[in-house]
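Read through the structure below, which is laid out as structure tokens, and then see the notes.
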């Protein structure tokens with residue numbers, strides 16, 4: 049009897065899964081617009097894909113993946129010779145599986161990005177596909193994913209590695225826009241509260257948060273010089289750290305110049321502190337991919353050298369231990385965990401941010417596409433006292449975000465997760481090993497410079513393009 053009721057319960061959801069996002073959440077939904085709920089559902093699918101990628105790296109799943117032809121050469125046994133030691137075959141097949149999952153997720157969102165191009169209102173027939181038919185969308189994702197595991201190995205892994213680098217680099221730049229928008233909105237809200245009353249309290253909050261972010265960034269730079277540079281080597285790291293530090297200082301000074309403040313009153317050190325800390329993270333992430341292990345210590349070795357110094361008989365002083373443990377191929381390195389946390393934050397923020405003054409909407413929707421709608425448009429239509437609140441279609445007169453760009457963002461996010469979980473490691477020519485290589489380092493550093501240039505442009509654009517409204 050319980051099984052029959054369970055089947056009936058599932059059957060009752062099937063029409064819901066074929067309908068709109070508003071129907072998916074049913075009575076549990078808040079009083080909000082259909083545009084927000086739809087994005088949250090897509091974000092949830094993206095998070096499920098990221099979680100599945102993490103599962104692919106677990107030992108139990110890796111044992112099963114070794115049974116897939118071509119995933120792990122049996123002639124090499126349980127371990128494959130690596131240039132720095134040995135790579136566990138379980139981890140290698142896990143990395144290849146992550147590539148397949150990333151391929152399925154990114155292809156799905158790429159196809160939808162093409163399908164939703166130039167959708168201007170929810171009256172467009174394609175908007176119904178975007179906002180509904182979730183059951184069939186899940187089937188499409190599962191179908192692509194299953195088919196991806198039957199792709200012959202050949203040059204797929206190497207080719208998809210190149211695609212992944214390009215997509216992940218794009219998401220890093222978009223991530224910068226989202227973080228800058230968050231800092232901009234936070235600064236605007238706090239300044240407004242300062243003007244409304246209790247200015248000393250909110251000024252202290254603004255000053256404390258800004259000072260804290262700058263302090264963390266400064267500590268990070270000092271630690272980089274201590275552990276990622278040597279007096280007689282690591283020239284690239286010295287350049288990366290010093291160059292990015294100088295750029296961050298210059299941009300911080302520019303953000304408080306009188307002309308910049310006049311053109312954009314909301315510009316300030318809070319945004320600059322967020323960008324500075326983000327740049328410090330990207331610098332660390334890039335240096336963590338260097339092939340030279342002497343200039344790229346693992347976090348475990350750093351902790352070991354600090355906690356267990358060795359005695360120097362020459363002068364009787366204590367020096368850090370220099371024994372470097374083998375570099376782990378696990379995805380849960382500290383910089384990767386931070387990267388995934390930033391990914392989740394930016395994904396959710398891009399899904400719930402609706403203000404027509406936000407940089408998110410200015411990025412995802414050009415001015416000629418449609419009229420920007422107010423956040424609450426249509427949210428209270430038809431509601432009476434005591435009536436259950438429903439999600440309303442608030443895009444009948446114009447979309448609140450570009451459907452096509454949002455799917456492109458999720459496509460890049462899928463590739464970013466794929467590269468993060470595989471440590472940006474590159475497969476070799478024979479597809480027998482995966483190693484850190486310099487192209488990944490330069491791509492990350494190039495992304496940090498692109499982010500800094502983009503932030504500079506957001507500050508000086510009002511001075512150059514005087515005929516445009518940047519309020």
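Residue numbers (my numbering): 49 to 519. Cβ coordinates follow ideal geometry from the N, Cα and C atoms, glycine included.
Problem - Contacting residues, own chain, Cβ-Cβ under 8 Å from residue 92 (five flanking each side not counted) - result: By 1-based counting over the chain shown, the position of residue 92 is 44. Counting only Cβ-Cβ distances below 8 Å, and skipping sequence neighbours, we find nothing.
Exercise for the section: Check each candidate in 464, 447, 179 and 339 and name the one with the smallest Cα separation from residue 395. Expected result: As a first step, residue 395 must be located in the chain shown, where it is residue number 347. If we check each option's Cα against that of residue 395, 464 comes out closest.
Handout entry: Secondary structure, alpha helix (DSSP H): runs of 4+ residues fully inside the region 204 to 277
Key = 204 to 244 and 247 to 275
Handout entry: C-alpha distance - residue 392 paired with residue 156, whole-angstrom precision
Key = Working through the chain shown from its first residue, we reach residue 392 at position 344. Working through the chain shown from its first residue, we reach residue 156 at position 108. Their Cα atoms are separated by approximately 19 Å.
Exercise for the section: In angstroms with no decimal places, state the Cα-to-Cα distance between residue 253 and residue 230. Expected result: Taking the chain shown and counting its residues from 1, the one referred to as residue 253 is at position 205. Taking the chain shown and counting its residues from 1, the one referred to as residue 230 is at position 182. Between residue 253 and residue 230, the C-alpha separation is close to 16 Å.
Practice task
Consult DSSP for residue 474 and reduce its assignment to one of helix, strand or coil.
Solution key: In the chain shown, counting from the first residue as 1, residue 474 sits at position 426. In the structure shown, residue 474 sits in a strand (DSSP, three-state: E or B).
Exercise for the section: Can you check DSSP and say which residues form a bridge with residue 281? Expected result: What you label residue 281 is simply residue 233 of the chain shown in a count that begins at 1. Under DSSP, the beta-bridge partners assigned to residue 281 are 278.
Problem - residue 310 - DSSP class collapsed to helix/strand/coil - result: As a position in the chain shown, residue 310 is number 262, starting the count at 1. Helix, per DSSP.
Practice task
Take residue 315 and list the residues in its own chain whose beta-carbon comes closer than 7 Å to its own, dropping the five residues that flank it on each side.
Solution key: Within the chain shown, residue 315 is the residue found at index 267, counting from 1. Taken in chain order, the residues that qualify are 303, 308, 309 and 507.
Exercise for the section: Between the Cα of residue 383 and those of 195, 400, 273 and 327, spot the shortest distance and give me the residue it belongs to. Expected result: What you label residue 383 is simply residue 335 of the chain shown in a count that begins at 1. Of the candidates 195, 400, 273 and 327, the one whose C-alpha sits nearest the C-alpha of residue 383 is 327.
Problem - residue 227 beta carbon less than 7 Å from that of residue 322 - result: To locate residue 322, count along the chain shown from 1; it is residue 274. To locate residue 227, count along the chain shown from 1; it is residue 179. The answer is yes: Cβ separation under 7 Å.
Problem - Cβ contact check for the region 275 to 292 and the region 188 to 208: 3 or more pairs under 8 Å - result: no
Handout entry: Euclidean distance between Cα positions of residue 233 and residue 280
Key = Position 185 of the chain shown, counted from the start, is the residue given in the question as residue 233. Position 232 of the chain shown, counted from the start, is the residue given in the question as residue 280. Between residue 233 and residue 280, the C-alpha separation is close to 45 Å.
Problem - Cutoff 7 Å; reference residue 511; Cβ partners in own chain excluding five residues on either side - result: In the chain shown, counting from the first residue as 1, residue 511 sits at position 463. Same-chain partners within the cutoff: 307 and 311.
Practice task
Leaving aside the five residues before and after residue 495 along the sequence, list all residues of the same chain whose C-beta is less than 7 Å from its C-beta, in chain order.
Solution key: Walking along the chain shown from the start, residue 495 turns up at place 447. Excluding sequence neighbours, residue 495 sits near 217, 220, 221 and 330.
Problem - Between the CA atoms of residue 264 and residue 250 - distance to the nearest angstrom - result: Position 202 of the chain shown holds residue 250. Position 216 of the chain shown holds residue 264. Rounded to the nearest angstrom, the two C-alpha atoms are 21 Å apart.
Practice task
Give me the Cα-Cα distance between residue 502 and residue 100, rounded to the nearest whole angstrom.
Solution key: On the chain shown, position 454 is the one that residue 502 refers to. On the chain shown, position 52 is the one that residue 100 refers to. The alpha-carbon atoms of residue 502 and residue 100 are separated by roughly 33 Å.
Exercise for the section: For residue 467, collect the residues of the same chain with a Cβ closer than 6 Å to its Cβ; drop the 5 residues on either side in sequence, then sort them by chain order. Expected result: As a first step, residue 467 is located in the chain shown; it is residue number 419 there, counting from the start. Excluding sequence neighbours, residue 467 sits near 212 and 216.
Exercise for the section: Specify the secondary structure class of residue 167 as computed by DSSP and reduced to three states. Expected result: Numbered from its first residue, the chain shown carries residue 167 at position 119. If DSSP states are grouped into helix, strand and coil, residue 167 belongs with coil.
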